[in-house]
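What follows is one structure encoded as structure tokens, with my remarks underneath.
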Amino acid sequence: MVEIRYAREEDCPRIGAVNAAAYATGLFLANAFPQATPDERAEYMHFRAMQTLLDPSVCTLVAIEVETNTIVAVAQWRGIFSEERQSIVLSDEGTAFVKREFSLEPRNQDVINAFRALVQAKRERYLGDEIVLDQLCTHPQYQGRGIGATMLQWGINKADEMQKDIYLEATAAARSLYSRLGWEMLEKAVLDYGLYGGEGVDKVYFMRRPHTR
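The UniProt record's numbering numbers the first residue of the sequence shown as 1 and each following residue consecutively.
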């Protein structure tokens, strides 16, 4: 059984760990930060989670396994506003953490730029006033239990209440889940990392779910 709630400052280290574990085998991170260790990736994603927590346009949700009080999944929704989400004020320690300079080196900036350009181009083409699912990830130890679908249903309910569609970019592994829950394919793109000094080819699926109310 999981409980879904808005993320807090103290959740961010675990959010980073879940992110790093969920994307450990993904081609993007392997090509963008080819020498980063799992711990370094987790710390970097902890840093990014703290930054995102301060963005008023993004709701970060966590799914907590009730039995162990462990964060097992993370979702970031852009464009969902709720009175339940109170303004985030970081502690002095958290503020100092976010203000420091932090990056993973070495990095393949060409790979990063190519991915960003692809996402931006498709958003400019397809995105209107939709809600955007920026991220959904589940720790590998907890995948296959329906937790991702539960996280998605939270956003679906909000979007239907607001009478807005939901837009997202999906990996090949996640596409079937989104299709099952009502997302429709807009376009598939292929990103060849070999063109940018990396290795491998990724498929990215651009999808939209129409609201149902």
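Built from N, CA and C at the ideal position, the CB exists for glycine as well.
Where residue i sits in the DSSP three-state scheme
i	result
Y167	strand
E184	strand
V18	helix
L104	coil
D11	helix
V204	strand
R116	helix
D192	strand
Q35	coil
V62	strand
R123	helix
R209	strand
A24	coil
V111	helix
Q143	coil
A30	helix
S179	helix
Assigned exposure category for residue i - 16 Cβ within 10 Å defines buried
i	result
M185	exposed
T25	exposed
M1	exposed
A21	buried
V62	buried
E105	exposed
N19	buried
N31	buried
L195	exposed
Q35	exposed
T37	exposed
R213	exposed
A170	buried
T95	exposed
Limits of the beta strand (DSSP E) - the one that residue i falls within
i	result
Y6	V2 to Y6
T150	Careful: T150 lies outside any beta strand (DSSP E), inside the alpha helix (DSSP H) at I147 to M162.
D134	I131 to T138
V74	T70 to R78
Beta-carbon gap between residue i and residue j smaller than 8 Å
i	j	result
F115	L191	yes
F33	R41	yes
E199	Y193	yes
N108	G197	yes
I166	G148	no
L54	T60	no
L152	L181	yes
For residue i, the first and last residue of its enclosing alpha helix (DSSP H)
i	result
residue 271	Nothing can be reported for residue 271, as the shown portion of the chain is limited to 1 through 213.
Y44	P38 to L53
Closer than 8 Å to chain C by CB, residue i
i	result
F97	The displayed structure is made up of one protein chain only, and chain C is not part of it.
Counting Cβ pairs closer than 8 Å, one from the stretch 47-67 and one from the stretch 7-19, do we hit at least three? yes
Taking one C-beta from the stretch 148-168 and one from the stretch 124-134 each time, how about it: are there three or more such pairs within less than 8 Å? yes
At least three beta-carbon pairs within less than 8 Å, the stretch 167-186 to the stretch 87-107: no
Three-pair Cβ contact test at 8 Å for the stretch 107-126 versus the stretch 59-75: no
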